[in-house]
Amino acid sequence: MRIALFEPEIAGNVGAVLRLGACMGAAVDLIEPMGFAWDDKRVRRTAMDYIDHVTVVRHAGFEAFRSTIGGRRLVLFTTKSSQSAYAFAFAPDDVLLFGKESAGVPAVVAEASDARLRIPMRPEVRSMNLATTAALALGEALRQTASLPG
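Pasting the structure below:
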């Protein structure tokens, strides 16, 4: 299972997702451009020493990323979907894709995804924090595939 972040904008969110990947055994793909410098100390401050326990791959853009995942399913999490992540059957080699904090993903990326899911939430709010959404999604995907660590 992999987590992919499309053009992330907030260093602290990336750090939190790297820590999540380290704890849960999921590699993290970062699709550039990012909204901050990679050496931003906020990434390491949030990820702490967990950054040394996660595989991180940076990609020059979406097409470069897409060419590396082979036949794996690309599962996009978006507020624009009506399909619940809890009613979806995950596979152990899925790539969980999350859009940038301010705008999600462009239509071409959504259309290139094999599935589009959402985390159910109350209708009076717009969206959850990126790292929180990634944690909920990864936890459910790992649970379903009997891949939770420990």
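Take the sequence shown: its letters are residues 206 to 355, numbered as in my numbering.
Glycine is no exception: its CB is placed at the ideal position from the N, C-alpha and C atoms.
Since we're looking at a predicted model, the values are computed, not measured.
- Item | Buried versus exposed call for residue 210 [16 or more other C-beta atoms within 10 Å across all chains shown] | As a position in the sequence shown, residue 210 is number 5, starting the count at 1. Burial call: buried.
- Determine the extent of the alpha helix (DSSP H) in which residue 232 is found, giving its start and end residues. Position 27 of the sequence shown holds residue 232. Note, residue 232: premise wrong, no alpha helix (DSSP H); beta strand (DSSP E) at 232 to 236.
- Item | Short Cβ contact (8 Å threshold) for residue 208 with residue 222 | For the purposes of this step, residue 208 is taken as residue 3 along the sequence shown, with counting starting at 1. For the purposes of this step, residue 222 is taken as residue 17 along the sequence shown, with counting starting at 1. In this structure, residue 222 lies closer than 8 Å to residue 208 by Cβ.
- Item | residue 335 - DSSP class collapsed to helix/strand/coil | By 1-based counting over the sequence shown, the position of residue 335 is 130. Residue 335 falls in the helix class under three-state DSSP.
- Task: Ignore the nearest five residues each way along the sequence and tell me which others in residue 346's own chain have a CB closer than 7 Å to its CB.
- Result: Within the sequence shown, residue 346 is the residue found at index 141, counting from 1. Taken in chain order, the residues that qualify are 206, 295, 299, 301.
- At which residues does the alpha helix (DSSP H) containing residue 302 begin and terminate? Here residue 302 corresponds to residue number 97 of the sequence shown, with the count starting at 1. It is not in any alpha helix (DSSP H) - residue 302 instead sits in the beta strand (DSSP E) that spans 300 to 303.
- Message: Can you find the residues in the same chain that come closer than 8 Å, C-beta to C-beta, to residue 214, ignoring five residues on each side of it along the sequence?
- Response: Here residue 214 is taken as the residue at index 9 of the sequence shown, counted from 1. These residues qualify, in order along the chain: 239, 240, 241, 305, 306, 307.
- Message: Between residue 321 and residue 283, how many whole angstroms is the CB-CB distance? I'm expecting something under 8 Å.
- Response: Sequence index remark: in the sequence shown, residue 321 carries index 116 (1-based). Sequence index remark: in the sequence shown, residue 283 carries index 78 (1-based). So it is a contact: roughly 5 Å between Cβ atoms.
- Quick one: is residue 234 buried, meaning 16 or more other Cβ sit within 10 Å of its Cβ, or exposed? Start at 1 with the first residue of the sequence shown, and residue 234 comes out as number 29. Classification of residue 234: buried, given that the 10 Å Cβ count is 16 or more.
- Is residue 215 helix, strand or coil by DSSP? Here residue 215 is taken as the residue at index 10 of the sequence shown, counted from 1. DSSP places residue 215 in coil when its eight states are reduced to three.
- Query: Would you call residue 266 buried or exposed, if buried means 16 or more other Cβ atoms sit within 10 Å of its Cβ?
  - Reply: Along the sequence shown, one-based indexing puts residue 266 at 61. Exposed.
- Taking just the CA atoms, how far does residue 289 sit from residue 326? For this step, residue 326 is matched to residue 121 along the sequence shown. For this step, residue 289 is matched to residue 84 along the sequence shown. Distance between the alpha carbons of residue 326 and residue 289: 10 Å.
- Supposed contact pair residue 271 and residue 251 - C-beta distance, whole angstroms, cut 8 Å: As a first step, residue 251 must be located in the sequence shown, where it is residue number 46. As a first step, residue 271 must be located in the sequence shown, where it is residue number 66. Actually they are not in contact, since the Cβ atoms of residue 251 and residue 271 sit about 27 Å apart, beyond 8 Å.
- Query: Near residue 232, what residues of its chain come up, given a Cβ to Cβ distance below 6 Å and the 5 sequence neighbours on each side ignored?
  - Reply: Residue numbering aside, residue 232 sits at position 27 when the sequence shown is read from its first letter. For residue 232, where only same-chain residues beyond five positions count, the Cβ hits under 6 Å are 207, 260.
- Query: For the putative contact between residue 230 and residue 354, defined by C-beta atoms under 8 Å, what is the C-beta separation to the nearest angstrom?
  - Reply: Here the question's residue 230 lines up with position 25 in the sequence shown. Here the question's residue 354 lines up with position 149 in the sequence shown. Indeed, because the Cβ distance is near 5 Å, the residues count as touching under 8 Å.
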